[in-house]
Every structure is written in structure tokens, then in C-alpha cells.
Amino acid sequence: MNKHVIPQAEEPPEQNNQQNNQLENIRDFEIQDYLRLDLFPHFMCPGCGHGIALRALLWAIHDQGIDKNNLAIISGIGCSGRVGTYIDANTYHTTHGRPLAFATGLKMARPDLHVVVITGDGDCLAIGGNHLIHAARRNLDITCIMLNNEIYGMTGGQVSPTTPHDRFTTTTPAGNIEPVFDASRLAEAAGAGFVGREVTIHVPRLRDLISEGLDYKGFSFIEVMSDCTEINGRKNDLGSSSEMVLGQTRTMRPSEYDNNVVDHPFRPNSMNTGVFVKSNRPEYGASYRDMVDDIQEKQKGHSV
Amino acid sequence: MTGQTSQNTLDSQDTINIQGNHACALGAVAAGCRFYAGYPITPSSEVAERLAKELPKVGGVFIQMEDEIASIAATLGASMGGVKSMTATSGPGFSLKQENLGYGMGAQIPCVVVNVMRGGPSTGMPTRPSQGDLMQARWGTHGDHPVIALTPGSVEEIYTQTARAFALSEQLRIPVLVLFDESLGHLVETIALPDVAEYENTVRKWASGKPEDYKPYRPDADGVAPMARPGDGYRVHTTGLTVSESGFPTQKSIEVDRAMKRLFNKMEINKDLIESFEDVDCEDAEVVIVALGIVGRAARMAVRELRAEGHKVGLFRPITLWPFPTQTFRKLTKKAKSFVVAEMNSGQMILEIGAAKQGKQTVCGLNRYDGDPISPSQIINAVKEVLDHE
């Protein structure tokens, strides 16, 4: 996982240019152009990270110049599952855990579409865990955004596969004793062509990560650490929503800093951020279509 | 789709020796199926194996998914992309498909689901025939919902009814089930492949007009709302939640009531289109045998022999099991004094016959669930027993 090693925390020289471009880009991006405003007010709790992730996703879609008529957003069940509904695109709110399987069918039938899955830690790792590992293995061109809020929020705050140790939830009244999944490492091990993790406090970084994932031809898995302030936060005294978001800088560690021994602002933590994998594995849809072309070519030769 | 063509894999004039499961696969391709997702399971695997060979030839997609649930989810996804799609399974696989079958019914997504029935419950007898899933087909997924289930009774009928399942599914925006048992799935018969161009040419209604005026669940006079594909500019929302005509969730009782009526009204309006059955000498029959699938064949032979002996016996064989053709059944069996319901389970269709009959006729069940099909002589004996009591 520690692939990007920058020994010093120096600013790269092109930083200023990037900032200028970002400012231009901010002016260019109007989130209203990508939302179904007639569905507002939305359902998300005050302080929920999912709204920030939604903004970063739409911004990345804008940056990639994706036509929303050709954009398919597929989600499962839970808080993450409801987020896609607000996007003014072709949206599919499917069954619990199955968005990746549904997306696989849609992308295979319609390779012309940009297919984005929005899922959650329960949807993607628990009930949908099998679909995740096989979607990663196939490396079909789907962008999977997993909003990791470490809890089942929609059902009232039950323990999830990513709930940290000792955390109180409605189904771990004495504290969680189960070990957690590292979703990004799981996706990497299963063969995902692109894997990255980011936090909601760094919106431009999150946008750029999603943008890179959208651009990648293959299965891109993006884990977004998104705070559940109302349910997870309250139950565990994790502070106000702004305190929780600020806390991300203490508990997360950009992968650039992994080998930086003099760096103190970050607590040693296995949950690092950044791009972990970007490989050139063959994309499944392209491989399938090549196979079909071969079969049809041989068939033609046969009938002559 | 990649290089889609409409050519059939076999010339329809050919006479071929073919297994039921293969006929199912070819019927699907002939009807325009261009997407199949499945998971290996006995005794339906040959459907997938044949389609893995046939679909690439016509530019279609075959994909073996990680499980049964993923298979039907992918099938629904492909269908939402605008492609005629199918999955096939058996026994435990059919149980796993129930969740997304409900999604397809609620969100009104066309697709075909084939269930080659084997002995159950649980793993049961993977290589033995059964008709144990008749009620699961009707009520397997949770909540109120309509269902269409076709039950072919020969290899040729498997071919035509699979093709017809696509037409019904496309026309009525509903998943259509095709049920036949292991013995039919593995039965090899010599058949001439019937012409199913009519079914191939039946495609769902596509949205037209201004996107701002389009409502994905506003039905036309036929009870069916036109669909919109991604890329057509309509940017529709699809969900398993109960929705208003706009496609967005609602919990207002008046809207929910309308949503449920939308599901059922299209079935009532298109009843004649959906209904199909075989009637053998029912008109003057005092004893009517009710049987479907492979049992229908044994029953036909029984009717012939009993008639030769001078008994007034007939056969009613539903080809569309669900919705059960109740009105037609009543009309056809007016003279009947008793019914013999022969089925390879402990008594499932008999419940429907009890509800469908109009009068004081006796209803007797002939049930077999030992993994062997019901024989003509068993049916003859059962009918004679009934005749003796009259």
C-alpha cells in the first residue's frame, strides 16, 4: 500500500498553477446543474459527510466532462443508497448489497455509459462483500465510491464491518469486539485496477481522487471516510460535526507521509489516504468484446 | 451491444434432436435475448452452457456471475440498459433470486427467469424432477405482487414459451418466469424449431416526447408505462421503494394505492394476452384431470385410454400457471363432477383448483414427490377410483 513515498513534506513546484486552475474550476462548476433540486430538502443529517462526498463526486464528474445523459449512478440500500437519488442523471436505487452486480449487467450491456456505484460500508463489505471482490477481480470499467461512515446509519446505528474496536453501537452496547475490514486493502487484494482512499475534510483532494478513478479504464475503488455525526458521533462522544471532521486530520495519514519519521501532526494509523493502486490490468468489457469479435470473425470464415 | 445482429443460430426449418434446456437457450436467442447472467446449478446448467456458446455469435453478452443473486441483479441491470435479458436457475438458486425478482416486479423491469425444477426442500435431489416450486413462483418474493409464470410441457413448448416469455415481459414490463422440471430439461426430442419472429419483434414501448413531460410510471391505456433508456435524455430514477408516477419514492397512502394498482391493472387489462392452456376433451368431461408440464403428457395419454374405455374424462393443462386462468377453467369444466389434480409435489396447484372451481365438485389430489414422474397408469387408476365413488 505504501507506494508513493515523498521523503520531505515540501510543496511541489507546480502547486501555484494547480491552485490557479482550481480557482477557475470552482467558478466553472455549478453543483445545481447536477442535482434534482425539486427533491430538496435532502434526507442527510446535519454534519453528515455524505453531502461533502456527493459534492466532490459531482465536481469530479464535471471536471471529467461527463454528459449526465450518459451517466448511470447505481446505489444499494442505506444512507449511501439514498445519496444517488439527488443526482440529475440515470439513477438506480437497487437492492441491499447488489449495486455492483446490477452495474456489471448494465455496463456489459451498455459500454457507452459511464457507470458509477455509490455504496456504503455495510452495503459493500457486509451484504455485498462477495460482489465487491468479484467486481474487483473482473476489473470491469466501473467507478465504485464506498462511503465509509463505520456504521449502519439508516437503520439506527448498528455495528458495521468497519466500526472501530470498542465503539458503542446499538448492537454493541458493551463496545465493539470485532476486528475491522480494511476495505481498500481488500479491493487491492481482489485485483481492483485502481484503489484510493480520501477523507471528506480535503474536498479538492477527494475530488481529484474521484476524478482519477472516473478517468481510469477498469474497476476503480474509492473509499471515502465520511463522518456519521448524528448516530455514530453522538453515541461515542466524538464531538460536534466540525470537531469530527477536523479530527480526520489527526486520525488519517496521507500516504506521502508514510515514511516521514520527523512528521508529528499525524497519529500513526493504518488508515492512510491517497492513491494505493493504479495498474494496467486488462479491462473486462474490452476483453469480452475482443473475444466476441474473434468468435464472429471465425464464424464468418466458417460460413464462406 | 457489440455488433448486434438479429440472425437466429439455427434455421427455423431444420429438424433437430435437442434437449429441453438447449431448446430454452435457443428459444431465448430467437426471441432476441442478448444478455444472460447465470450461476452453475443442476439441472439447469445446460441453459447457461448453450448460451455461453450462442450469445457471442450474435454479439450478445454471456457472463457467469459470482452467485445467483448477482446473476439476476446483472440481468436487471442489462435490461435497464435496453437489452432483452435472462437468467436461469434451479432449486436453491431460485430461492436466492427471490429478492431481486421482487425488485424487478416492483420497479417493473422486463426480464426472463427460468427455473428448471428439482427435488427439494434445500439441496434435495439435484438430478431428479419435481414440481415443488409452483407456489414459490407465485409468492416467493415478499410483498404483494403480480406474477407471470409459464409452464411448458414439451421440448418444443420450452422453445416457444421461452420466446413468448420475452414478448410478455417486454410488452408488460414485468419479469416472466418459465418453469419446467428436470425431466423436461434433460429430455431430448426431435423437433422443428417453430417460427417465433412475432416474439422477437415484440419490444417494450420506449419513451417519446419531451423529457419534462415524461413520467416513467404513468401507464398508457394498456396499463403499461413506456420506459426510457439511459442515453435517451430522460434521466429517470429507478428504485425498489414504492413510487409515484414520477418514479420517486412516496408514502402518501393515495399514491401508494395507485402504485399497487398499477402493478395489478396491467395484468387484468392484458389477461387474454397472458392466458394460455391446453384443453383435451373438457367439454363433456365428468372427470377433469388438471396437470401441467411433464405430468400433462402422462395425463393426455390417460385421457386417451380412459376415453377408449368409454369414460367421460378430460384434461385441463395450464401453460400459463400464474395468473391462473380461472374464468376459462370454470367455463370449460362446467360439466365436471370432480377434478383430479396430478402434480409432482405434496399438493400446491390443488389449492388453486379448490379456489377456482365453481360448484360442489370434489377435488382429489394425485401427488408424487419421490423423484419420479407421475405415470399414465397412476393417473388412470386415480381417475377410476374417483369414477367408482360417483
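Taken in sequence, the protein lines are chains Y and E. With the working numbering, the residue at position 175 of the first sequence is 189, and numbering never jumps. With the working numbering, the residue at position 115 of the second sequence is 727, and numbering never jumps. Glycine is no exception: its CB is placed at the ideal position from the N, C-alpha and C atoms.
Taking the C-beta atoms as reference points, Val902 (chain E) is found no nearer than 8 Å to Leu999 (chain E).
The criterion of a C-beta distance shorter than 8 Å is satisfied by Asp793 (chain E) and Ile906 (chain E). Secondary structure at Phe941 (chain E): helix, using DSSP grouped into helix, strand and coil. By the CB criterion at 8 Å, Gly671 (chain E) and Gln310 (chain Y) fall inside the cutoff. Under DSSP, Trp818 (chain E) takes part in a beta bridge, and its partners are E:Met839.
One finds Ala685, Ala686, Leu688, Gly689 in chain E with Cβ atoms closer than 7 Å to the Cβ of Phe116 (chain Y), taken in chain order. Contact between the stretch 847 to 864 of chain E and the stretch 810 to 827 of chain E is present: three or more C-beta pairs spanning the two stretches fall below 8 Å. Residues Pro828, Ala840, Gly859 of the same chain have their beta carbon placed closer than 7 Å to that of Val848 (chain E), with the five preceding and five following residues left out of the count.
With fewer than 16 other beta carbons inside 10 angstroms of its own, Pro193 (chain Y) counts as exposed. If you draw a straight line from the Cα of Ala804 (chain E) to the Cα of Asp626 (chain E), it is about 6 Å long.
Ala911 (chain E): member of the alpha helix (DSSP H) spanning 906 to 920, first to last residue. Contact between Gln631 (chain E) and Val808 (chain E) fails: their C-beta atoms lie close to 18 Å from each other, not under 8 Å. Within the stretch 683 to 726 of chain E, the runs of beta strand (DSSP E) at least 3 residues long that lie entirely inside it are, in chain order, 697 to 701. Taking a C-beta distance under 8 Å as the contact criterion, Leu688 (chain E) and Asn712 (chain E) qualify as a contact pair.
In summary, Met305 (chain Y) is exposed, with fewer than 16 beta-carbon neighbours lying within 10 Å of its beta-carbon over all protein chains present. Close to Ile653 (chain E), with beta-carbon spacing below 8 Å, lies no residue of chain Y; the smallest spacing is near 16 Å. Counting along the chain, the unbroken beta strand (DSSP E) around Lys292 (chain Y) starts and ends at 286 to 292. With the rule of 3 Cβ pairs closer than 8 Å, the stretch 698 to 705 of chain E does not count as touching the stretch 138 to 149 of chain Y. Only those residues of the stretch 115 to 135 of chain Y whose C-beta falls short of 7 Å from the nearest C-beta of chain E are listed: Ala115, Phe116, Ala117, Thr118, Gly119, Leu120, Met122, Ala123, Arg124, Asp126, Leu127. Listed as beta-bridge partners of Ser269 (chain Y) by DSSP are no residues whatsoever. Remark: C-beta atoms of Arg267 (chain Y) and Thr287 (chain Y) approach each other more closely than 8 Å. Contact check for Gly207 (chain Y) against Asn163 (chain Y) fails: the beta carbons are separated by 8 Å or more. Within a 10 Å sphere around the beta-carbon of Lys864 (chain E) sit fewer than 16 other beta-carbons, which makes this residue exposed.
In the structure shown, the three-state DSSP call for Gln970 (chain E) is coil. With at least 16 other beta carbons inside 10 angstroms of its own, Gly694 (chain E) counts as buried. Runs of beta strand (DSSP E) with 3 or more residues, each lying fully within the stretch 80 to 119 of chain Y, are found at 85 to 89, 104 to 107, listed in chain order.
The beta-carbon distance between Tyr100 (chain Y) and Leu53 (chain Y), rounded to whole angstroms, is 6 Å. This is short enough to meet the 8 Å contact definition. Taken through DSSP and simplified to helix, strand or coil, Ile45 (chain Y) comes out as helix. Any Cβ of chain Y closer than 8 Å to the Cβ of Arg847 (chain E) would place that residue at the interface, and such an atom is present. If you check the CB distance, Ala86 (chain Y) and Leu127 (chain Y) come in under 8 Å. The C-alpha of Glu890 (chain E) lies about 6 Å from the C-alpha of Phe928 (chain E).
For the stretch 65 to 94 of chain Y, the set of residues with a beta-carbon nearer than 7 Å to any beta-carbon of chain E comprises Lys82, Asn83, Asn84, Ala86, in chain order.
Non-local C-beta neighbours of Ser225 (chain Y) in its own chain, meaning closer than 7 Å and more than five positions away in sequence, comprise Ala74, Asp77, Gln78, ordered along the chain. Around Asn712 (chain E), the beta-carbon contacts reaching into chain Y at under 7 Å are Thr109, Arg112. One thing to note: Ala123 (chain Y) has its Cβ within 8 Å of the Cβ of Ala690 (chain E). Not a single CB atom of chain E sits nearer than 8 Å to the CB of His316 (chain Y).
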